[in-house]
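In what follows, a single structure is set out as C-alpha cells and then discussed.
Chains as they are written, first to last, in my numbering: chain E, 1 to 223; chain S, 1 to 223.
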C-alpha cells in the first residue's frame, strides 16, 4: 500500500519565511530596525521594554507591536512610556507569524520610526518557530524559570541572537546558576549573546540600549 | 494614550475562509464531496473511517487525507482498506487549515474521486476554528470522554453537521447518558444530527454510509 507523505508544516513555514524576507527587505530599505522580543509569560518582556524605551526615546523614534491573547494592559503602559503602540490580539494563537507581523507594521506605520519592537505572545515554544522578519531576536529567560530551560526548550535558544537573563538580582534565592544557563544556551547556539539584567532596578539596560542604538546606526548606514 | 487594536486572529481566519471557499467551489464543480472528520485522540476517527470505507468502496472512489503530527500508522491501515491516501505531517500543529488542506487535495488528485475524507489532527479545540472547505463536518465524541464535553468544548459542537457518538456499546460502563449529551450538543447547535455508533462492532455505520452515498449523489446532481 503506497501513499504520499506531505510535510505540511514545512510548507507553512516556507510561506512564512517568504513573507518574513519581504518584511526584512522593506524595513532595511527604510532604515527601520525590528526586534522580536520573546519569552515565557511573566519573564519580564514588558518591563524590559519599558527600561529600553526610557533610555532610547530621546534619540530614537520607537514603535511597539504588543501581541497579546486579548488584553491591552501592556500596550497602555508602553504607550505611556512614549512609544507609538499597536495592540495585536491573537485570540488564543500562541505566536505571531510573518503575515500577522506585516499587518501590525502596516497599522503602526513604520515610515517615520527608527526602532520597532514586537512583543511576542508569552510562550517559550511556538514563537521560536516563526521568523517574523525581525533583524534581531531577543529572548528573555527569567531567573525563577530555572537554568535548565535551554535543555527543555532548545529551539528558542537556538534561534535567538540575544538572551536576556532577567531578575538576575533574584539568582541566589532561586538557586539559578548564570554560568550553567549560559553554557547550556551556548551549546545550542555558540553565537548567542547573553546579558544579565534586572528590569526591576534597571541593571544591564544601559549596555543593551547602547547596543541597540549602535545596531540602528549601522542599519541606517547600510541602507 | 491612544493606540490601535488589531484583531490579527480574525484576519488569519478571514484569509483561511477565502481559501476554504475556493476549495469548496472547485470540489463542487468536480462533484467531489469533502468530509472533515474531527475528534479527540482516541475517539475512534480512524476506526470509523475504516467502517465507512468498507461499506462505500464498491460504489464510490474514496480518497483520504490523514493528518497526523508525525506518524503514518493510520494512513497505512486506511490504504489497506482500499482508499487512496495521502499522509499529511503537521509537525506539531494542532489543526489543519484551508491552505494545508488545499495542498493535501492537490497531492491526492481528487479528479477521479467521489468522496474525500480529511482525518483531522486529534484535537477537540483547534480544528473547530478552521474551515477547510469541507461540505460536511463530522465530529466524533466517544463515550469514555464523557457527556459533558459539549459544555467544555462548545465550538466543536457548534460547527459540526454530524456528531457520531462512538463506543456507544460502552455507555453503561462509563455512566454516559446519550440523551444528556445530545441535549447539550443541540443547545449549542439545533441542526446537529446525532448518530450513536460503535466502530468496534459496526453498529450504526450502515445508516451513515447510506447518508453519505445520498449526499454524494445530490452533490453530483447539483453540479
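Backbone N, C-alpha and C define an ideal beta-carbon position, used for all residues, glycine too. None of these values were measured; they are calculated from a predicted model.
Residue j beta carbon less than 7 Å from that of residue i
i	j	result
residue 75/S	residue 66/S	yes
residue 143/S	residue 98/S	no
residue 209/S	residue 47/S	no
residue 156/E	residue 124/E	yes
residue 31/S	residue 220/S	yes
residue 122/S	residue 41/S	yes
residue 205/S	residue 51/S	yes
residue 148/E	residue 177/E	no
residue 9/S	residue 93/E	yes
residue 301/S	residue 35/S	Residue 301/S is absent from the structure shown; chain S starts at 1 and stops at 223.
residue 44/E	residue 139/E	no
residue 114/S	residue 60/S	yes
residue 3/S	residue 197/E	no
residue 6/E	residue 107/S	yes
residue 96/S	residue 120/S	yes
residue 216/S	residue 37/S	no
residue 185/S	residue 192/S	yes
Expected contact under 8 Å - CB spacing of residue i and residue j to nearest Å
i	j	result
residue 89/E	residue 70/E	5 Å
residue 181/E	residue 165/E	6 Å
residue 127/E	residue 188/E	With 8 Å as the limit, residue 127/E and residue 188/E do not qualify as a contact, their Cβ atoms being about 16 Å apart.
residue 19/S	residue 102/S	6 Å
residue 201/E	residue 169/E	6 Å
residue 213/E	residue 56/E	7 Å
Short CB-CB distance (under 7 Å) between residue i and chain E
i	result
residue 3/S	yes
residue 50/S	no
residue 81/S	no
Below-7 Å beta-carbon distance, residue i vs any chain S residue
i	result
residue 95/E	no
residue 91/E	yes
residue 7/E	yes
residue 86/E	yes
Proximity test, Cβ basis, 7 Å: residue i and chain A
i	result
residue 197/S	Judged by its chain identifiers, the structure shown contains no chain A, and its protein chains are E and S.
Interfacial residues, the segment 98 to 115 of chain E to chain S, with Cβ spacing under 7 Å:
100, 103, 104 and 107
Chain-ordered residues of the segment 156 to 189 of chain S with a beta carbon less than 8 Å from chain E:
none
Which residues, in order along the segment 119 to 149 of chain E, keep a beta-carbon less than 7 Å from a beta-carbon of chain S?
none
Chain-ordered residues of the segment 63 to 75 of chain S with a beta carbon less than 7 Å from chain E
72 and 75
Identify each residue in the segment 12 to 25 of chain S for which the Cβ-Cβ distance to at least one residue of chain E is less than 8 Å, and report them in chain order.
12 and 15
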